[in-house]
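If you read the sequences in order, they're chains V and A.
Residues 1472 to 1771 in the numbering used here are what the first sequence lists, from first letter to last.
Residues 463 to 787 in the numbering used here are what the second sequence lists, from first letter to last.
Using N, Cα and C, we set each Cβ at its ideal position, and we do this for glycine too.
None of the values given here were measured: they were computed from a predicted structure.
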Amino acid sequence: MKNNTIVSINRSTRTMKDKFTKNWLLFKENKIALLGLFIIIGLLVISLIPSIFSPYNPKTRGPSETHYNPPSFEHPLGTDDEGKDLISLVIHGTRTTLLISFSAALLAVIIGTFTGLVSGFYGGIKGEMLMRITDIFLVLPTIPLMIIFAATLKPSIWNVSLAIGLTSWTQTARIVRSQTLTVKERVYVHRARTLGCSDTRIISKYILPAALPLVIAQFILSINFAIASEAFLSFLGLGDLSQISWGSILFFAFSFGAFTIGAYWYFLPPGICIIITILAFTAVSQGLDEIFNPRLRKIY
Amino acid sequence: LELKTYIFSRALQSVATFFAALTIVFFLFRIVPGDPVSLLVRLGAQSLTAEEIHALKITFGLDRPLYQQYFIYLLNILQLNFGKSFFYRIPVTELFFNRLGNTIILVGTGTILSILIGLTLGVVAGWFRGRKQDHSAMIFSLLFYSMPSFWIGMVFIYLLAITIPIFPTGDIISARLIAADGLTKTLDILRHLMLPLLTYSLGFAGQYALILRNTLTGVLAEDYILTAKAKGLTDIQILKDHALKNASLPTITLVAINIGFVVLGTISIETVFNWPGVGRLVYESIFYRDFPILQGTFVFFTVFMILANFIADLLYAILDPRVRL
Chain V
1472 MKNNTIVSIN
1482 RSTRTMKDKF
1492 TKNWLLFKEN
1502 KIALLGLFII
1512 IGLLVISLIP
1522 SIFSPYNPKT
1532 RGPSETHYNP
1542 PSFEHPLGTD
1552 DEGKDLISLV
1562 IHGTRTTLLI
1572 SFSAALLAVI
1582 IGTFTGLVSG
1592 FYGGIKGEML
1602 MRITDIFLVL
1612 PTIPLMIIFA
1622 ATLKPSIWNV
1632 SLAIGLTSWT
1642 QTARIVRSQT
1652 LTVKERVYVH
1662 RARTLGCSDT
1672 RIISKYILPA
1682 ALPLVIAQFI
1692 LSINFAIASE
1702 AFLSFLGLGD
1712 LSQISWGSIL
1722 FFAFSFGAFT
1732 IGAYWYFLPP
1742 GICIIITILA
1752 FTAVSQGLDE
1762 IFNPRLRKIY
Chain A
463 LELKTYIFSR
473 ALQSVATFFA
483 ALTIVFFLFR
493 IVPGDPVSLL
503 VRLGAQSLTA
513 EEIHALKITF
523 GLDRPLYQQY
533 FIYLLNILQL
543 NFGKSFFYRI
553 PVTELFFNRL
563 GNTIILVGTG
573 TILSILIGLT
583 LGVVAGWFRG
593 RKQDHSAMIF
603 SLLFYSMPSF
613 WIGMVFIYLL
623 AITIPIFPTG
633 DIISARLIAA
643 DGLTKTLDIL
653 RHLMLPLLTY
663 SLGFAGQYAL
673 ILRNTLTGVL
683 AEDYILTAKA
693 KGLTDIQILK
703 DHALKNASLP
713 TITLVAINIG
723 FVVLGTISIE
733 TVFNWPGVGR
743 LVYESIFYRD
753 FPILQGTFVF
763 FTVFMILANF
773 IADLLYAILD
783 PRVRL
């Protein structure tokens, strides 16, 4: 009996590893997705040790003749309204932007997955009630709620993440719920239930794994949503403006009218960084999508 | 299920969602540290006199127990009584209806244009999946999809109003033309509308194109498309009679899910272009710390989004009887 268990564990780890290798080989085939992955890794490295990459301290202000300087040899991306070096600002801004996006996305996906699993799994009157209550929350107006959360809470990195995360979980919940509804009717789940498996065990062993690819895809989409939301909230003046982020750079560029005095080097770089990051995450999610939805591959 | 019953239950659910949103916000104001009065002060009431603060307390019922406050709050909102703006010193509803028309001009024209561009791009990309047309349409859509709309606005102002000064940098009308006659005025407003409209439609066209292309590729992989091909139907016939009809359903839902981006886009674009609409009011309420406006615009955008969702569900139910089950 003991031997049997060991063998089965070995087998399951081996198939997990095989599956991973197989999927990685498939993912590698998609060159754009691979490029996206490298960009994300690069951004993570930059956000961990920004000082190595940035030529100046991003908080050092310069004398008045250094204000609004166009790109030059000393300042590759020019300077802002206070003479601060823009390339250093953008490099240091990576950390805050990614930190907010990851924590907000994580929060959104955890709440969404939990709600989706619970509201989809239970049947009977209890299930029906859970379903109706979730239905009410699934169509909550995300953006207006996010604005009012951010306006009410004191602006800080965590509160901005909280405002985004607490309001953007509904799509994950919707997707996980419909997957749960399908999977719970599969024969192997019925069989497990007949054998006396508890609800928690069925959810964690059968339903969650089946929903996991969707959850991962949603996590990536949530990161993109959070990056855009951070920029949007900062632009409205609801971000933590004492922290350097791509959004807060854009806020100051907008407030000082950088685009009306022709200081393109002030507002272009943070925006381009946002675009590249969102595109990189989108590419990775497309790559994963092709692995998990084989029907998409068949067409070629 | 009968269509009527379905509509009724969805309507009921929408009302419940509306109250859920209001309740969340009510408790949000009571959960944050400090009492609601000091929060109001932080949100801008410091510009008010002692009497005005006292009047505010009475309006919001802040001297009463919590459950009474809640009912006063709901009653005020249902009666569209949001109080007077701290900054403009006029009732929020009046301010709001002064601005609504301008937002409808921008969002109306923008939505039509973005759907036209988006659907064209999406159909081209979906049909030519994996080929050159697909790639160019997708690069275009993805680029605009990933750009923050206020940033697109800043770039357009820099390019087309500053570097090459063809269009004005913002506002809805030139100051010297406010008293002008009908045609001159309309033309001037149109000139001011161009850049915000372009920003709005390009941003949303990308999103619509991506959604339609994804659903269309899904549909084109179905067996009945293969059957249609085997029957010898022409490409146009397959696209028109088989693919687009089936792709339109998921597209409607997805567009409705993304209706929040309309709100986001309206606020961003009206702010960048100083377009005096409802979206810019949100920015002003934050800038001037004007709590009554913030609350009023919140209720407006909430109703708008819930209503849009409800209409999408209705359309879906009429087009696809299966969802009523």
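inquiry  = Using only the alpha-carbon positions, how far apart do SER608 (chain A) and THR479 (chain A) sit?
reply    = About 30 Å.
Burial state of GLY1507 (chain V) (16 or more Cβ within 10 Å) = Buried, because 16 or more other Cβ atoms sit within 10 Å of the Cβ of GLY1507 (chain V).
Contacts of THR1776 (chain V) in chain A (Cβ-Cβ under 7 Å) = Absent from the structure is residue 1776 (chain V), since the part of chain V shown begins at 1472 and ends at 1771.
task = Using DSSP bridges, identify the partner residues of ASP1556 (chain V).
result = ASP1556 (chain V) is bridged to V:THR1550.
inquiry  = Give me, in chain order, the residues of the same chain whose beta-carbon lies closer than 6 Å to that of GLY1549 (chain V); leave out the 5 immediate sequence neighbours on both sides.
reply    = Non-local C-beta neighbours of GLY1549 (chain V) in its own chain, meaning closer than 6 Å and more than five positions away in sequence, comprise ASN1540, PRO1541, PRO1542, LEU1557, TRP1736, ordered along the chain.
request  = For LYS546 (chain A), name the three-state secondary structure that DSSP assigns.
outcome  = Three-state result, LYS546 (chain A): strand.
message = I'd like the span of the alpha helix (DSSP H) that includes THR521 (chain A), first residue to last.
response = Per DSSP, THR521 (chain A) belongs to the alpha helix (DSSP H) from 512-522.
Residue burial classification, ALA483 (chain A) (beta-carbon count within 10 angstroms, cutoff 16) = Flag for ALA483 (chain A) reads buried.
inquiry  = Relative to the C-alpha of THR1531 (chain V), which candidate in V:ASP1551, V:ILE1523, V:PRO1547, V:LYS1488 has its C-alpha closest?
reply    = If we check each option's Cα against that of THR1531 (chain V), V:ASP1551 comes out closest.
key: Selected residue, minimal CA-CA separation from ILE1698 (chain V), among V:LYS1502, V:SER1574, V:SER1525   = Proximity to ILE1698 (chain V) across V:LYS1502, V:SER1574, V:SER1525 peaks at V:SER1574, based on C-alpha coordinates.
request  = With a 10 Å radius around its C-beta and 16 neighbouring C-beta atoms as the bar for buried, classify GLU556 (chain A) as buried or exposed.
outcome  = Taking all protein chains in view, the Cβ of GLU556 (chain A) is surrounded by fewer than 16 other Cβ atoms within 10 Å, so the residue is classified as exposed.
ask   = Opposite PRO553 (chain A) in the DSSP bridges: which residues?
value = Under DSSP, PRO553 (chain A) forms a beta bridge with A:LYS546.
inquiry  = Residues of the segment 561-584 of chain A in Cβ contact with chain V at a cutoff of 7 Å, in chain order, please.
reply    = Those residues of the segment 561-584 of chain A that come within reach of chain V (Cβ to Cβ, closer than 7 Å) do not exist; the list is empty.
inquiry  = Is it the case that the segment 1708-1722 of chain V contacts the segment 1559-1574 of chain V, given that we only count it when at least three CB pairs across the two stretches are under 8 Å?
reply    = With three or more CB-CB distances shorter than 8 Å, the segment 1559-1574 of chain V counts as touching the segment 1708-1722 of chain V.
message = Excluding the 5 residues flanking ASN720 (chain A) on each side, which residues of the same chain have their C-beta closer than 7 Å to its C-beta?
response = Result list for ASN720 (chain A): GLN669, in chain order.
message = Whole angstroms are fine: how far does the CA of SER1649 (chain V) sit from the CA of HIS1661 (chain V)?
response = Distance between the alpha carbons of HIS1661 (chain V) and SER1649 (chain V) is about 18 Å.
query = So what's ASN1630 (chain V) in DSSP terms, helix, strand or just coil?
reply = In this structure, ASN1630 (chain V) counts as helix in the three-state DSSP scheme.
query = Who are the neighbours of ILE768 (chain A) on chain V, taking C-beta pairs under 9 Å?
reply = The answer, in chain order, is VAL1610, LEU1611, PRO1612.
ask   = Nearest chain A C-beta to LEU1750 (chain V) closer than 7 Å, yes or no?
value = Taking Cβ atoms only, chain A reaches closer than 7 Å to LEU1750 (chain V), which makes this a yes.
task = Please state if the CB of ALA718 (chain A) and the CB of ASN676 (chain A) are separated by a distance shorter than 7 Å.
result = No, the pair does not count as a contact, with Cβ atoms beyond the cut-off.
query = Which chain V residues are close to LEU726 (chain A), counting only those with a beta carbon under 7 Å from its beta carbon?
reply = Neighbours of LEU726 (chain A) on chain V, chain order: ILE1614, PHE1703.
message = Within the continuous alpha helix (DSSP H) that includes LEU652 (chain A), where are the two ends?
response = It spans 644-682 - the alpha helix (DSSP H) in which LEU652 (chain A) sits, taken as one unbroken run.
request  = Check the Cβ-Cβ distances between PRO627 (chain A) and every residue of chain V, and say whether any is below 7 Å.
outcome  = By this cut-off, PRO627 (chain A) is not an interface position.
message = Let's test the definition: count the other Cβ atoms within 10 Å of the Cβ of TRP589 (chain A) and tell me whether it reaches 16, buried, or not, exposed.
response = Burial call: buried.
request  = Locate the alpha helix (DSSP H) running through PRO1680 (chain V), then write down its first and last residues.
outcome  = It spans 1679-1706 - the alpha helix (DSSP H) in which PRO1680 (chain V) sits, taken as one unbroken run.
ask   = For SER1639 (chain V), which three-state DSSP category applies?
value = DSSP places SER1639 (chain V) outside both helix and strand once states are collapsed to three, so it counts as coil.
key: is_contact[SER710 (chain A), chain V] using C-beta, thresh 7 Å   = Chain V contact via Cβ: absent.
ask   = Looking at C-alpha atoms only, which residue of A:LEU474, A:VAL487, A:LEU465, A:GLN475 is the closest neighbour of VAL761 (chain A)?
value = Comparing Cα positions, the closest option is A:VAL487.
request  = Please check if any C-beta of chain V sits within less than 7 Å of the C-beta of PHE612 (chain A).
outcome  = Yes, its Cβ sits closer than 7 Å to a Cβ of chain V.
message = Can you tell me where the alpha helix (DSSP H) holding HIS1661 (chain V) begins and where it ends?
response = In this chain, the alpha helix (DSSP H) harbouring HIS1661 (chain V) covers 1658-1665.
ask   = To which residues of the same chain is ILE729 (chain A) closer than 8 Å at the C-beta, ignoring the five residues directly before and after it?
value = Within the same chain, ILE729 (chain A) has close Cβ partners GLY741, ARG742, VAL744, TYR745.
inquiry  = Using beta carbons (cut-off 7 Å, strictly below), is PHE1763 (chain V) in contact with chain A?
reply    = PHE1763 (chain V) does not count as touching chain A.
Contacts that TYR1735 (chain V) makes with chain A (C-beta to C-beta distance below 8 Å) = Within chain A, the residues near TYR1735 (chain V) are TYR620.
message = Check whether chain A comes within 7 Å of LEU1707 (chain V), counting only Cβ atoms and requiring the distance to be less than that.
response = Interface annotation, LEU1707 (chain V): in contact with chain A, CB-CB separation under 7 Å.
message = At the 7 Å Cβ level, is GLY668 (chain A) part of the contact set with chain B, yes or no?
response = No chain B appears in the structure shown, which is made up of the protein chains V and A.
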